[in-house]
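All residue numbers for the sequence shown refer to our numbering, where the first residue is 518 and numbers rise by one.
Quick reminder that beta carbons are idealized off the backbone N, C-alpha and C, glycines included.
I have placed the structure first, in the form of structure tokens, so that the comments after it can refer back to it.
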Amino acid sequence: MSNDFDFCIAGGGVIGLALAYRLSQQGSVLLLERHARFGSETSSRNSEVIHAGLYYQPGSLKEQLCLAGKPALYAFCEQHDVPHRRIGKLIIAPAADTPKLDELWHKGERLGIPLERLNQAQLQEREPLVRGAAALWSPSTGIIDSHTYMQRLAQLAQINEALLLCHSSVRRAEPTDRGWQVTIDSSDGEVNIRCGALINAAGLQAQNLARQLQLAEDNIPALYPCRGHYFSYQAKAPFRHLIYPLPEANMAGLGIHATLDLGGQVRFGPDTQYLAAGQLDDYRVDAALQSRFAEAIRAYFPQLDPAALQPDYAGIRPKLHAADQPAADFCVLHRQQPAPVMHLFGIESPGLTASLALAARVADVFSTTL
Ligand SMILES: Cc1cc2nc3c(=O)[nH]c(=O)nc-3n(C[C@H](O)[C@H](O)[C@H](O)COP(=O)(O)OP(=O)(O)OC[C@H]3O[C@@H](n4cnc5c(N)ncnc54)[C@H](O)[C@@H]3O)c2cc1C
518 MSNDFDFCIA GGGVIGLALA YRLSQQGSVL LLERHARFGS ETSSRNSEVI HAGLYYQPGS
578 LKEQLCLAGK PALYAFCEQH DVPHRRIGKL IIAPAADTPK LDELWHKGER LGIPLERLNQ
638 AQLQEREPLV RGAAALWSPS TGIIDSHTYM QRLAQLAQIN EALLLCHSSV RRAEPTDRGW
698 QVTIDSSDGE VNIRCGALIN AAGLQAQNLA RQLQLAEDNI PALYPCRGHY FSYQAKAPFR
758 HLIYPLPEAN MAGLGIHATL DLGGQVRFGP DTQYLAAGQL DDYRVDAALQ SRFAEAIRAY
818 FPQLDPAALQ PDYAGIRPKL HAADQPAADF CVLHRQQPAP VMHLFGIESP GLTASLALAA
878 RVADVFSTTL
């Protein structure tokens with residue numbers, strides 16, 4: 518029996534949608550999202566920053582795909598009218614001779630990421646309310662309206678005749694002689710379809726889904742969900758650029774930073790709080806975190822008005838490393854047996870920035886193996 522689709526994508530976050538856009542250029546695509554709307558998990562609970570690519574392990578997928586994804590994403594935004602702005606970012610050091618700042622500077626040089634070193638006076642000139650002894654200015658960092666980006670990806674995939682379905686949860690899949698038979702829970706009950714290749718882009722559920730797709734347990738990386746909270750700042754925006762402290766030691770997070778949305782509203786966050794496995798949909802923001810936020814923010818913004826900090830939203834990072842372990846890379850597992858499948862594990866930051874580059878990488882693999 519022939520297949521209904523060449524590709525079936527489980528998960529309609531930004532990664533699944535970027536894959537649908539890319540793969541629909543080379544075959545027929547079905548994308549399945551369990552919720553009522555695309556991108557309602559991690560993809561709508563992040564900082565919406567287009568990262569420059571400074572922070573990742575040399576040669577890692579995070580680094581490669583962020584560096585390739587950034588120009589691809591800017592070009593896509595320009596071509597398809599996605600609101601975005603290259604507003605630039607300042608990384609603030611408390612002391613002029615901070616080794617971490619030097620390290621980032623040298624890394625930027627090595628990777629060809631434009632950076633400028635600022636002394637205290639130059640920093641004051643650029644952001645008068647920010648306190649620091651030195652800073653790095655990253656002009657290629659920007660912000661994006663991630664919701665419009667996802668809508669455009671969906672529209673372009675549909676123009677290429679991809680079928681994108683909400684309220685459709687992938688339950689299990691059985692290998693066939695030509696690919697997979699996928700069982701879907703949909704609003705019409707249980708439905709079976711046949712596809713050539715299956716892509717697991719289920720975000721926080723990727724490990725659970727991999728178990729249903731017959732991936733050997735010892736190939737499935739452990740998930741360490743890590744929540745990041747945001748507080749909005751209900752006052753006049755004190756900055757014009759993104760303001761970041763130096764990153765945390767194992768890159769669990771980038772430090773409680775200030776981002777601006779396209780409307781010019783400032784929010785602070787995210788922090789890092791590792792969660793238990795059963796808390797994958799626990800997006801609470803505890804108002805009691807406010808004092809910890811205020812303390813961290815005052816290190817670079819002493820005039821903070823703490824009363825203007827209001828609990829906003831939270832996102833959960835699908836991390837592959839515990840708090841006391843070194844940062845893990847994205848994990849992309851491709852198997853041809855028992856049938857073609859690609860699993861995407863641990864797609865935390867910079868997943869949004871890297872989305873088009875990651876989709877291109879997956880499409881390349883399938884263009885040579887299907
Ligand atoms: C706090 C935070 C801040 C971040 N900031 C940035 C940033 O500034 N810049 C940046 O580049 N990146 C950032 N990221 C990373 C970025 O948000 C993610 O890498 C990206 O959103 C991951 O997209 P995804 O499609 O893999 O996952 P998701 O958006 O989680 O999508 C997975 C989808 O799969 C669906 N699903 C699960 N199981 C099934 C199933 N069985 N059947 C059907 N559907 C299923 C889910 O409902 C979900 O919609 C941040 C992440 C967090 C948490």
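Tell me which residue opens and which closes the alpha helix (DSSP H) that residue i is part of.
| i | result |
| --- | --- |
| E707 | Looking at the DSSP string, E707 is not in any alpha helix (DSSP H); the run it does join, the beta strand (DSSP E), is 706 to 717. |
| P616 | 616 to 628 |
| P588 | 578 to 597 |
| G868 | 868 to 886 |
| R815 | 807 to 815 |
| Y644 | According to the sequence as given, residue 644 is Glu; it is not Tyr. Counting along the chain, E644 falls outside any alpha helix (DSSP H), and DSSP gives it neither H nor E. |
| M518 | No alpha helix (DSSP H) holds M518; DSSP gives it neither H nor E. |
| R669 | 663 to 676 |
| R728 | 723 to 729 |
Are there 16 or more other CB atoms within 10 angstroms of the CB of residue i, so buried, or fewer, so exposed?
| i | result |
| --- | --- |
| L646 | exposed |
| S808 | exposed |
| D523 | buried |
| G629 | exposed |
| D822 | exposed |
| D788 | buried |
| S663 | buried |
| S872 | buried |
| P855 | exposed |
| M518 | exposed |
| K579 | buried |
| R801 | exposed |
| A840 | exposed |
| G781 | exposed |
| G576 | exposed |
| R603 | exposed |
| I676 | exposed |
| A674 | buried |
| N520 | buried |
| E707 | exposed |
| A612 | exposed |
| T885 | exposed |
| E812 | exposed |
Expressed to the nearest angstrom, what Euclidean distance is found between the alpha-carbon atoms of residue i and residue j?
| i | j | result |
| --- | --- | --- |
| G745 | E865 | 11 angstroms |
| A794 | A723 | 13 angstroms |
| W622 | L582 | 20 angstroms |
| H568 | P600 | 16 angstroms |
| R688 | G586 | 31 angstroms |
| L571 | Q729 | 36 angstroms |
| R643 | P692 | 58 angstroms |
| P835 | P738 | 11 angstroms |
| L763 | F810 | 15 angstroms |
| W697 | N563 | 33 angstroms |
| N709 | C683 | 16 angstroms |
| F883 | C712 | 13 angstroms |
| I532 | L875 | 8 angstroms |
| Q796 | L740 | 12 angstroms |
| L721 | W654 | 33 angstroms |
| C848 | M859 | 10 angstroms |
| V879 | A589 | 15 angstroms |
| D694 | Q731 | 16 angstroms |
| L850 | D829 | 35 angstroms |
| E565 | L869 | 8 angstroms |
| P656 | P742 | 31 angstroms |
| S557 | A679 | 20 angstroms |
| I833 | I773 | 15 angstroms |
| L777 | A610 | 20 angstroms |
Taking DSSP's pairing of strands, which residues face residue i in a bridge?
| i | result |
| --- | --- |
| P828 | F748 |
| P692 | W697 |
| S655 | K606 |
| R784 | S749, T776 |
| L549 | A527, L682 |
| Y761 | I608 |
| S703 | G706 |
| Q790 | R744 |
| H851 | M859 |
| P835 | P742 |
| N736 | Bridge partners of N736: none, in fact. |
| F555 | None; F555 has no bridge partner. |
| V687 | I701 |
| V566 | I660 |
Taking residue i as part of the beta strand (DSSP E), name the residues at either end of that continuous run.
| i | result |
| --- | --- |
| V531 | Where V531 is concerned, there is no enclosing beta strand (DSSP E), although the alpha helix (DSSP H) it sits in stretches over 531 to 540. |
| L777 | 774 to 777 |
| N636 | 633 to 636 |
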